[in-house]
Amino acid sequence: MLGIGGAGLVISSSGIGQALSHAYHNSPKDKKADRYAFYGKYQTGIITPQQSHAYIIVLNLKRYNAEDVQSMLKAWTQMSNKLMSGQRIGSSKQYKFVPPDDTGETIGLNTAQLTLTFGLSRDALIKLKVKDKIPDAFVDLPHFPKDQLDRAYTGGDILIQACSNDLQVCFHAIRNLIRPFRHLVQIHWGETGFVSQKGNETPRNLMAFKDGTVNPKDQHAYNKHVFIPTGPFKNGTYMVLRRIQMHLETWDRTALEEQENTFGRYRESGAPLGKKDEFDTPDLDLKTQKGEYVIPQDAHIRLAKESKQKILRRSYSYANGLSPITGSIDSGLLFISFQRTPQQFIDIQNCLGHQDNLNEYITHRGSGLFLMLTGVPKGGILGETLWH
């Protein structure tokens with residue numbers, strides 16, 4: 001776990017200590033293709049092409065004072081613009097007898113396509129006395145079948161997602177954003193994530209199966225499934241964060257046929273069982289000569305499709321050593337999804353329920369739901385629609 005000490009961030013043996021535009025943010029703007037613009041219609045890190053590293057941090061407020069939070073969001077706006085454009089925080093002058101404004105671990109590095117994304121929980125909005133601004137759609141996630149949530153990885157007030165192709169850049173961004181406000185916030189939990197993919201291919205999770213095949217992939221689909229269409233949070237979205245431990249020792253002893261039946265896809269190609277291409281539409285009615293469904297009734301792909309909902313998955317794998325409780329490998333998925341309403345995720349998860357065979361190999365340990373703020377126009381401030 002990660003915490004804030006009197007002098008800044010204290011790093012234990014887990015998390016990052018181990019691993020060390022244009023307005024729509026679809027592609028980098030500068031010639032070196034290593035930077036995204038902070039200001040834009042949407043926040044970055046949502047429909048931005050996925051970077052190879054992420055550092056997700058969930059904060060709790062020490063006091064729920066709206067003016068203090070507004071001041072912090074204003075500072076984070078200015079700091080994020082600097083961080084994403086490759087500038088140092090604070091003064092560029094070096095004073096020998098005081099701590100430098102910028103912690104400096106990215107000196108000589110480029111931003112490696114750094115994006116920063118900010119969100120608030122429903123509970124935080126209530127305690128900040130802006131309950132009248134909370135959309136009706138913003139409902140808490142219910143308890144789902146098979147949930148074994150650890151309070152250490154659940155809930156929280158504020159989420160910051162830093163993504164980059166350089167993990168040190170992610171860490172530097174989070175460290176410098178939190179550092180001036182340790183009197184106001186403390187870290188609830190945090191985790192680093194990684195993903196590897198070739199070109200535009202769908203990335204694979206630690207079970208070796210592709211993750212994100214059915215994502216929305218164009219602006220029309222983003223408008224329909226991802227972004228809030230109206231109100232003070234127009235062009236914002238909801239982010240579900242689930243810390244899912246994979247029981248890889250058990251999975252590694254499972255026959256390939258059973259693995260593929262569990263997902264309902266071929267491991268190599270990612271195609272639905274009975275099909276050839278990853279993006280072929282699954283045939284849920286297709287049966288074998290013995291009359292059995294080619295895609296089993298408890299396959300992950302079948303149950304998820306029955307919800308008739310679509311979300312944008314942008315997940316990362318994590319590896320966090322050994323579990324101190326069980327002694328097993330603590331690795332898995334930082335499941336991240338963006339959706340227009342939380343109900344989209346709720347419907348999918350309810351369909352998975354008790355029947356999903358994948359539940360035999362995973363355990364949901366952490367959970368959070370955050371309203372990701374609308375994009376910031378030049379001259380604007382993060383979250384200003386909350387109060388104005």
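Following the UniProt record's numbering, the numbering of the sequence shown begins with 1 at its first residue and continues without gaps.
Note that CB positions come from ideal geometry on N, CA and C, so glycine has one too.
E191: member of the beta strand (DSSP E) spanning V185 to F194, first to last residue. Approximately 18 Å separates the beta-carbon atoms of T106 and G45; this is outside 8 Å, ruling out the contact.
Comparing alpha carbon positions, the residue from E360, E384 and L284 closest to T262 is E360. Secondary structure within the segment 68 to 143: the beta strand (DSSP E) runs of 3 or more consecutive residues, fully enclosed, are 115 to 120 (chain order). Between the segment 293 to 302 and the segment 247 to 266, the count of Cβ pairs shorter than 8 Å is three or higher; the stretches touch. Between the segment 360 to 372 and the segment 136 to 154, the count of Cβ pairs shorter than 8 Å is three or higher; the stretches touch. Comparing alpha carbon positions, the residue from K93, F335, L273 and I346 closest to T192 is F335.
In this structure, G375 keeps its C-beta atom at 8 Å or more from the C-beta atom of G119. Setting aside the 5 residues that flank it on each side, Y64 is surrounded in the same chain by K127 and L128, each with a C-beta closer than 6 Å to its C-beta; the list follows chain order.
The segment 343 to 356 and the segment 163 to 176 do not touch, with fewer than 3 CB-CB distances between them shorter than 8 Å.
In the DSSP assignment, A319 falls within the unbroken beta strand (DSSP E) covering Y316 to L322.
Here the alpha carbon of K224 sits roughly 17 Å from the alpha carbon of G212. In this model, E268 and I311 are separated by some 24 Å (Cα to Cα). Contact between the segment 66 to 83 and the segment 131 to 145 is absent: fewer than three C-beta pairs spanning the two stretches fall below 8 Å. Contact between P324 and K305 fails: their C-beta atoms lie close to 38 Å from each other, not under 8 Å. Rounded to whole angstroms, the gap between the alpha carbons of G327 and A319 is 14 Å.
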